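In my numbering, the protein residues as written are 31 to 230.
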């Protein structure tokens with residue numbers, strides 16, 4: 031169900047996971063989560079980030095991408111144990127992610143969580159930035175000129191850090207909504223990027 035009210039006054043929660051990587055035939059596992067919540071689109075941000083316990087090793091290719099090692103996961107909480115925090119941060123919000131199928135899949139550990147709707151900033155950028163040639167999150171942020179804002183919001187972090195990428199997704203949404211002056215429009219205006227759930 032699409033929330034009622036102007037886009038600029040809705041609560042949003044941007045989310046990103048980093049994963050362990052996987053061999054063919056395996057399923058990768060979440061090893062870091064980042065969330066940035068706002069009670070209105072251009073309101074004050076609440077940030078949350080945590081490493082996550084992992085029941086097997088991290089693929090070398092994955093560590094090369096995000097820099098996370100097993101040593102950093104020592105004494106990290108399980109994703110299940112973070113349910114109270116995630117329920118508070120995500121409930122009642124439009125969930126934001128850049129091609130968030132991985133985020134949807136990892137959140138299935140909480141059956142019936144009800145977090146919805148989901149807004150895909152990749153789909154948003156593809157529609158609203160037709161001349162853009164690269165659609166990765168960093169390329170879209172560079173094109174929109176929001177990298178400096180992301181750095182201010184989550185200082186000391188960089189790409190492929192879950193909190194940084196979550197913040198970047200939020201800034202993509204803010205930039206496009208602001209530049210197109212959609213703050214007073216319904217979320218239905220962005221129906222092409224909004225889904226009640228992500229595909230399996």
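Ideal Cβ placement from N, Cα and C applies to all residues, glycine included.
Bear in mind the structure is a predicted one, so any value in this text is a computation, not a measurement.
Handout entry: Residue ranges of each beta strand (DSSP E) within the stretch 147-198, 3 or longer
Key = Those beta strand (DSSP E) runs which fall completely within the stretch 147-198 and span 3+ residues are 148-150.
Practice task
Decide if the stretch 68-76 is in contact with the stretch 40-54; the criterion is three or more beta carbon pairs, one per stretch, under 8 Å apart.
Solution key: Yes, since at least three Cβ pairs between the stretch 68-76 and the stretch 40-54 fall closer than 8 Å, the two stretches touch.
Practice task
Say whether the stretch 75-86 touches the stretch 107-116, bearing in mind that this needs 3 or more beta-carbon pairs closer than 8 Å, one atom from each stretch.
Solution key: Because the criterion of three Cβ pairs below 8 Å is met, the stretch 75-86 and the stretch 107-116 touch.
Practice task
Express the C-alpha separation of residue 211 and residue 132 in angstroms, rounding to a whole number.
Solution key: On the chain shown, residue 132 is found 102 positions in, with the first residue counted as 1. On the chain shown, residue 211 is found 181 positions in, with the first residue counted as 1. For residue 132 and residue 211, the distance between alpha carbons rounds to 30 Å.
Problem - Inside the stretch 78-139 only - alpha helix (DSSP H) runs reaching at least 4 residues - result: For the stretch 78-139, whole alpha helix (DSSP H) runs of length 4 or above, ordered along the chain, are 90-96, 113-120 and 131-137.
Exercise for the section: List the residues that DSSP assigns as beta-bridge partners of residue 24. Expected result: Nothing in the structure corresponds to residue 24, since the chain is present only between 31 and 230.
Practice task
Find out if the Cβ-Cβ distance for the pair residue 45, residue 130 is shorter than 9 Å.
Solution key: Here residue 45 is taken as the residue at index 15 of the chain shown, counted from 1. Here residue 130 is taken as the residue at index 100 of the chain shown, counted from 1. Yes; because the gap between Cβ atoms is below 9 Å, this pair is in contact.
Practice task
Please determine, among 220, 194, 176 and 49, the residue with the shortest C-alpha to C-alpha distance to residue 90.
Solution key: If you number the chain shown from 1, residue 90 lands on position 60. It is 49 whose Cα lies nearest to the Cα of residue 90.
Problem - Beta-bridge partners of residue 224, as assigned by DSSP - result: Here residue 224 is taken as the residue at index 194 of the chain shown, counted from 1. Bridge partners of residue 224 according to DSSP: 149.
Exercise for the section: Below 8 Å CB to CB, which residues in the same chain sit around residue 75 once its five sequence neighbours on both sides are set aside? Expected result: Locating residue 75 in the chain shown gives position 45, counting from the first residue. Only 66, 67, 68, 183, 197 and 200 meet the Cβ criterion.
Handout entry: Collapsed DSSP secondary structure at residue 50 in the structure displayed
Key = On the chain shown, position 20 is the one that residue 50 refers to. Three-state DSSP puts residue 50 in coil, outside helix and strand.
Handout entry: Chain-order list of residues whose beta-carbon lies under 7 Å from that of residue 123 (same chain, five-residue window excluded)
Key = Locating residue 123 in the chain shown gives position 93, counting from the first residue. Correct list, in chain order: 41, 42, 43 and 67.
Practice task
Measure how close the beta-carbons of residue 223 and residue 154 come, nearest whole angstrom, since I'm counting them as under 8 Å.
Solution key: In the chain shown, the residue the question calls residue 223 occupies position 193. In the chain shown, the residue the question calls residue 154 occupies position 124. Going by Cβ atoms, the distance from residue 223 to residue 154 rounds to 4 Å, so yes, they are a contact pair.
Practice task
Tell me, to the nearest whole angstrom, how far the beta carbon of residue 128 is from that of residue 191; I am working on the premise that it is less than 8 Å.
Solution key: Counted from its first residue, the chain shown places residue 128 at position 98. Counted from its first residue, the chain shown places residue 191 at position 161. Not quite, the Cβ-Cβ distance comes to about 14 Å (not below 8 Å), so this is no contact.
Exercise for the section: Within 10 angstroms of the Cβ of residue 205, are there 16 or more other Cβ atoms? Answer buried if so, exposed if not. Expected result: Residue 205 sits at position 175 when you count from the first residue of the chain shown. With 16 or more other Cβ atoms within 10 Å, it is buried.
Problem - Residue burial classification, residue 92 (beta-carbon count within 10 angstroms, cutoff 16) - result: Against the chain shown, residue 92 aligns to sequence position 62. Burial call: buried.
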